[in-house]
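Have a look at the structure below before the remarks.
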Amino acid sequence: MKAPIFIVGCPRSGTSFLYHLLLSAGGFAEFHTQMNVFDVLEPIYGDLSALKNKKKMMKEWLQSKAFRISGLQAEEIEAKVLAECSGASDFLRIVMDAVAGNQGADRWIDSTPTNIPHMLRIKRDFPEARFVHIIRDARDVALSLDKRGWSRPLPWDKEKGLLAAGLYWEWIVRKGRKYGSMVGPHYMEVRYEELVSNARQSLAALSNFIQHDLDYGRIQRASVGSVKNPLTSFKEELTEERFTPVGRWREKFPPVELLRFESLVGNYLQELGYSLSSAEAAMHQSLAAKGMRLAYGLYYETKQWAKVNTPLSRMMVNYSAVLIDK
Numbered sequence: 504m505k506a507p508i509f510i511v512g513c514p515r516s517g518t519s520f521l522y523h524l525l526l527s528a529g530g531f532a533e534f535h536t537q538m539n540v541f542d543v544l545e546p547i548y549g550d551l552s553a554l555k556n557k558k559k560m561m562k563e564w565l566q567s568k569a570f571r572i573s574g575l576q577a578e579e580i581e582a583k584v585l586a587e588c589s590g591a592s593d594f595l596r597i598v599m600d601a602v603a604g605n606q607g608a609d610r611w612i613d614s615t616p617t618n619i620p621h622m623l624r625i626k627r628d629f630p631e632a633r634f635v636h637i638i639r640d641a642r643d644v645a646l647s648l649d650k651r652g653w654s655r656p657l658p659w660d661k662e663k664g665l666l667a668a669g670l671y672w673e674w675i676v677r678k679g680r681k682y683g684s685m686v687g688p689h690y691m692e693v694r695y696e697e698l699v700s701n702a703r704q705s706l707a708a709l710s711n712f713i714q715h716d717l718d719y720g721r722i723q724r725a726s727v728g729s730v731k732n733p734l735t736s737f738k739e740e741l742t743e744e745r746f747t748p749v750g751r752w753r754e755k756f757p758p759v760e761l762l763r764f765e766s767l768v769g770n771y772l773q774e775l776g777y778s779l780s781s782a783e784a785a786m787h788q789s790l791a792a793k794g795m796r797l798a799y800g801l802y803y804e805t806k807q808w809a810k811v812n813t814p815l816s817r818m819m820v821n822y823s824a825v826l827i828d829k
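Residue numbers for the sequence shown follow our numbering, so the first one is 504 and each next one is one higher.
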């Protein structure tokens with residue numbers, strides 16, 4: 504198998520769109536779901552070097568959507584996992600190599616956005632892997648997260664979904680860029696806005712990075728998934744024929760909320776090259792805004808640690824519940 508590709512990014516930043524662009528180019532295994540092996544599967548089932556944990560995991564995984572669409576034979580993949588798997592990385596490799604082999608492909612992609620906290624581990628276990636971090640304007644990301652009910656503010660901030668989404672965006676993007684700098688030449692950033700507005704140039708740079716032919720004409724002809732049918736949170740735009748995934752915030756972000764949002768994450772938006780609606784917004788951060796940044800930063804770090812190191816994931820979700828169509 505050729506070096507795998509890990510597409511990472513804040514959820515609702517275009518990870519699915521980028522995944523479908525690559526699939527449209529051909530040569531990759533098609534597996535339309537997120538594996539979530541590091542952030543969910545391993546925390547749920549525990550030490551995967553233990554036979555009893557592997558047996559429990561496989562009993563449930565073989566009932567999951569991921570298995571149903573994999574094209575794999577239950578007895579064969581179970582035997583291989585029980586014999587060879589000693590951790591989340593092994594499970595991912597075994598499954599994805601098998602899926603690719605069945606399809607006659609020699610390369611695969613994992614597009615689980617929340618692999619970001621696990622990038623260094625992934626690099627250790629997949630030394631030749633390429634990481635593609637897709638970054639999108641926080642204001643458009645927040646609108647999409649909030650529209651889907653995924654922003655999940657703290658209990659005392661129930662009316663601050665957009666603000667919580669912005670703080671999560673900064674937390675996860677910062678972490679991705681930090682780990683990306685440690686990964687080195689196997690890490691690349693792609694801007695969603697450039698991918699939409701100047702696809703040929705973006706794909707040419709990406710093609711060189713991943714060493715894979717990304718022919719624009721072939722991609723347009725194949726148009727897998729969201730390349731043809733956008734996975735948007737704003738489906739009303741599709742029926743009204745005014746689909747605007749870039750800069751949607753200019754129309755849909757409530758003005759008062761926008762100023763508060765930019766006072767929270769405006770400095771990082773500017774650091775990434777995004778202009779603000781108000782040049783003064785990021786310069787006048789209130790004590791309350793500073794407190795909110797501190798509280799949410801601590802919250803996200805603590806939650807991530809607890810998810811991986813305690814039974815929190817087992818209590819929160821089952822594996823099948825987090826498998827998302829890609």
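Backbone N, C-alpha and C define an ideal beta-carbon position, used for all residues, glycine too.
Nearest candidate by alpha-carbon position, reference Thr536, set Ile612, Asp600 and Ala668: Ile612
Three-state secondary structure assigned by DSSP to His636: strand
Endpoints, the alpha helix (DSSP H) within which Phe764 is located: Pro758 to Glu774
Terminal residues of the alpha helix (DSSP H) in which Ile713 lies: Ala702 to Ile713
Which listed residue (His636, Lys505, Pro688 and Glu760) has its alpha carbon closest to that of Ile675: His636
Beta-carbon proximity list for Tyr548, same chain, < 7 Å, skipping 5 on both sides: Asn556, Lys559 and Met560
7 Å CB neighbourhood of Met685 in its chain, flanking five on each side removed: Leu623
Residue from Leu775, Gln788, Pro546 and Arg639 with nearest C-alpha to Leu767: Gln788
Contacting residues, own chain, Cβ-Cβ under 8 Å from Met504 (five flanking each side not counted): Asp600, Ala603, Asp609, Arg610 and Trp611
Neighbourhood of Tyr719 by C-beta, 7 Å cutoff - its chain only, sequence neighbours within 5 removed: Ala702, Arg703 and Leu706
Tyr777 versus Val727: straight-line alpha-carbon distance, rounded: 30 Å
When Arg724, Leu544, Gln807 and Ala553 are compared against Glu563, the one with the closest alpha-carbon: Leu544
Ile638 beta carbon less than 8 Å from that of Glu581: no
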